[in-house]
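In what follows, a single structure is set out as structure tokens and then discussed.
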Amino acid sequence: MKDEQIQKLIEQEIKCQQNGLSLIPSENYASKETLLAMGTPLSNKYSEGYPGKRYYGGNEFIDKIEKLAIERAEQLFSAEHANVQPHSGSQANAAAYLALLKPGDKVLGFDLKAGGHLTHGSPVNFSGLTYNFSYYGVDAKTERIDMAEVEKIALEVKPKLIIASTTSYSRQLDFEGFSKIAKKVGAYLMADIAHIAGLVIAGEHPHPFPWCDVVTTTTHKTLRGPRGGLILCKKELAEIVDKAVFPGTQGGPLDNIIAAKAICFLEAQQPAFKDYQHQIALNARAMAEEFLRQGFRLISGGTDNHLMVLDLSDYDTKLIQDKLDEAGIYTNRNAIPNDAKPPFNPSGLRLGSPAITTRGLREAEATLVASLVSEVIKKTEDPEISKKVKEQIKALAEKYPIYEDLN
Ligand SMILES: Cc1ncc(COP(=O)(O)O)c(C=O)c1O
9 MKDEQIQKLI EQEIKCQQNG LSLIPSENYA SKETLLAMGT PLSNKYSEGY
59 PGKRYYGGNE FIDKIEKLAI ERAEQLFSAE HANVQPHSGS QANAAAYLAL
109 LKPGDKVLGF DLKAGGHLTH GSPVNFSGLT YNFSYYGVDA KTERIDMAEV
159 EKIALEVKPK LIIASTTSYS RQLDFEGFSK IAKKVGAYLM ADIAHIAGLV
209 IAGEHPHPFP WCDVVTTTTH KTLRGPRGGL ILCKKELAEI VDKAVFPGTQ
259 GGPLDNIIAA KAICFLEAQQ PAFKDYQHQI ALNARAMAEE FLRQGFRLIS
309 GGTDNHLMVL DLSDYDTKLI QDKLDEAGIY TNRNAIPNDA KPPFNPSGLR
359 LGSPAITTRG LREAEATLVA SLVSEVIKKT EDPEISKKVK EQIKALAEKY
409 PIYEDLN
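Each residue of the sequence shown is one higher than the last, beginning at 9 in this note's numbering.
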């Protein structure tokens with residue numbers, strides 16, 4: 009690169025990813041093929057519209073790429089229709105809402121304070137500012153979603169849309185149960201499976217179809233593709249969903265990213281992807297068991313998916329995240345249900361297994377990583393703790409390398 013400053017910083021970031029371990033449940037390592045597609049001149053094209061109906065010329069090959077991506081997405085998710093253009097998970101949600109709702113319409117979503125996402129009605133987000141959100145949370149004792157409570161709130165509120173989705177929740181979602189409630193109150197049902205898309209494809213988590221009208225997701229978390237979004241829906245909603253993406257919420261699609269999405273969908277159709285997702289679940293369980301053995305409390309007592317949330321109410325989670333950073337373990341401090349502490353220094357630490365599983369770590373190594381995290385949490389006052397743990401993390405990272413040919 010001619011721009012040496014940026015080249016150096018990119019190299020440093022790659023080294024950081026190679027030498028450390030990401031336990032951030034929303035992160036993963038996309039394949040080299042996916043990365044290559046993102047860095048192609050496809051990025052130069054303007055192709056507002058859809059295959060066969062573009063507002064710009066010269067889209068012969070772009071049309072073929074987008075059609076392939078759509079076909080693969082529909083196959084992969086057993087969906088009647090796919091829109092592969094959303095730039096991100098948040099953009100996918102914005103378009104889904106625009107398709108189904110008018111400003112001020114009532115929506116029932118999972119409370120941010122219980123583990124929901126900003127785009128599910130946070131008052132500082134476009135969703136909460138535009139639509140009239142009510143929330144369901146988790147049961148105070150079990151810390152799980154209580155479907156009877158969801159039904160009670162739905163009957164009271166009578167929302168036009170119910171959203172089944174979480175971002176910091178370690179249990180499975182009962183899409184069939186949500187569908188029964190939505191039918192009862194005459195609401196659309198949407199699932200945002202941004203976190204669990206890979207698990208869904210592999211049968212490690214219940215499928216949102218045929219229960220949901222619209223399904224949104226990111227393509228970069230458990231799905232392990234490029235950074236991006238995707239909307240899947242029933243055929244009768246195809247037209248309004250497409251219109252809501254373009255011209256409703258976006259201009260020209262990112263054609264390089266759509267090519268990378270097509271590659272990621274093909275990768276996710278391979279038998280090895282199923283094994284990968286199963287291993288994600290096994291590794292998450294192994295980590296959770298180790299944290300329990302170390303005496304920590306996990307929200308809801310464990311995990312059924314790819315992530316877990318440690319209750320560290322008695323600790324300084326910002327300090328812990330910083331100490332773990334120094335040790336080369338990347339984590340995400342997060343609120344716990346009804347957290348008494350502020351979002352910048354909350355009571356929880358959210359950890360997940362997708363990225364370490366991509367590197368090839370299995371249960372024994374996942375257990376070791378959880379024990380090293382535990383050691384850092386318990387010994388933050390030891391000035392040498394991060395340095396000591398860093399050596400072991402580096403050894404693990406070298407044993408399970410990523411992007412070797414980028415060196
Ligand atoms: C459930 C859920 N939906 C949407 C998003 C937003 O995705 P993006 O960061 O691509 O906008 C996230 C991201 O963390 C998420 O967890």
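The C-beta atom is built at its ideal place from N, Cα and C for all residues, glycine as well.
Considering only the alpha carbon of each residue, which of Ala45, Glu41, Glu68 lies closest to tyrosine 54? Checking every option, the nearest Cα to that of tyrosine 54 belongs to Glu68.
Euclidean distance between Cα positions of valine 132 and asparagine 140: Near 13 Å, if we compare the C-alpha coordinates of asparagine 140 and valine 132.
For leucine 256, tell me which candidate among Ile14, Leu109, Tyr411, Gly65 has the shortest Cα-Cα distance. Correcting the residue type first, residue 256 is glycine in the shown sequence and not leucine. Proximity to glycine 256 across Ile14, Leu109, Tyr411, Gly65 peaks at Leu109, based on C-alpha coordinates.
Could you tell me if glutamate 151 is buried or exposed, where buried requires 16 or more neighbouring beta carbons within 10 angstroms of its beta carbon? Label assigned to glutamate 151: buried.
Based on DSSP bridge pairs, tell me the residues matched to methionine 155. Per the DSSP secondary-structure output, methionine 155 pairs with nothing in a beta bridge.
Aspartate 200 CB to nearest heavy atom of ligand 1 below 7 Å: True, at least one ligand heavy atom lies under 7 Å from that Cβ.
Does the beta-carbon of glutamate 36, which I'm using as the reference point, lie nearer than 7 Å to any heavy atom of ligand 1? The sequence shown places asparagine at residue 36, rather than the glutamate named in the question. Answer for asparagine 36: no, Cβ out of range of ligand 1.
Compute the Euclidean distance between the alpha carbons of proline 351 and leucine 306, then round it to the nearest angstrom. Separation of proline 351 and leucine 306 (C-alpha to C-alpha, rounded to the nearest whole angstrom) is 19 Å.
Determine whether the beta carbon atoms of threonine 230 and glycine 211 lie at a separation below 8 Å. Taking a C-beta distance under 8 Å as the contact criterion, threonine 230 and glycine 211 do not qualify as a contact pair.
So, helix, strand or coil for histidine 89, using DSSP? In this structure, histidine 89 counts as strand in the three-state DSSP scheme.
Given a cut-off of 8 Å on the beta-carbon distance, is the pair leucine 332 and glutamate 373 in contact? Annotated as distal: leucine 332 and glutamate 373, with beta-carbon spacing of 8 Å or more.
Using the Cα positions of glutamate 82 and glutamate 247, report the straight-line distance between them to the nearest angstrom. Between the alpha carbons of glutamate 82 and glutamate 247 lies a distance of about 15 Å.
Flag asparagine 101 as yes when its Cβ comes closer than 7 Å to any non-hydrogen atom of ligand 1, and as no otherwise. True, at least one ligand heavy atom lies under 7 Å from that Cβ.
Alpha-carbon spacing of lysine 192 relative to aspartate 154, whole angstroms: Approximately 17 Å between the Cα atoms of the pair.
Within the present structure, is the beta-carbon of threonine 150 separated from the nearest heavy atom of ligand 1 by less than 7 Å? No; taking the cut-off as 7 Å, the Cβ of threonine 150 has no heavy atom of ligand 1 nearer than that.
At 4 residues or longer, and completely inside the segment 107-153: list those alpha helix (DSSP H) runs for me, N to C. List check, alpha helix (DSSP H) in window: 134-138.
Which value, in whole angstroms, describes the spacing of the CA atoms of aspartate 221 and leucine 240? The straight-line gap from Cα to Cα measures roughly 9 Å.
Does the distance between the C-beta of threonine 257 and the nearest non-hydrogen atom of ligand 1 fall short of 7 Å? Taking non-hydrogen atoms of ligand 1 into account, the C-beta of threonine 257 is found less than 7 Å away from none of them.
Backbone CA spacing between glutamine 170 and isoleucine 189 [nearest angstrom]: The question names glutamine, yet the displayed sequence has isoleucine at residue 170. So the two alpha carbons sit approximately 9 Å from each other.
Alanine 267 (DSSP reduced to helix, strand or coil): Three-state DSSP puts alanine 267 in a helix.
Note the first and the last residue of the continuous beta strand (DSSP E) segment covering glycine 360. Glycine 360: member of the beta strand (DSSP E) spanning 356-360, first to last residue.
Looking at glutamine 99 and proline 261, is the spacing between their C-beta atoms short of 8 Å? Cβ atoms of proline 261 and glutamine 99: not closer than 8 Å.
What's the call for alanine 267, buried or exposed, on a 16-neighbour Cβ count within 10 Å? With 16 or more other Cβ atoms inside 10 Å of its own Cβ, alanine 267 counts as buried.
Is it buried or exposed, threonine 127, if we count other Cβ atoms within 10 angstroms and call 16 or more buried? Answer is buried; the Cβ neighbour count reaches 16.
For a test of your reading of the model: does the CB of serine 96 fall under 7 Å from any non-hydrogen atom of ligand 1? Yes or no. Flag set: Cβ of serine 96 near ligand 1.
Could you check where the beta strand (DSSP E) with isoleucine 239 kicks off and where it finishes? Where isoleucine 239 is concerned, the enclosing beta strand (DSSP E) starts and stops at 237-241.
Just confirm the distance between the C-beta atoms of threonine 439 and glycine 236, as a whole number of angstroms; I'd bet it's less than 8 Å. Here the chain comprises residues numbered 9 to 415, so residue 439 is not present and cannot be evaluated.
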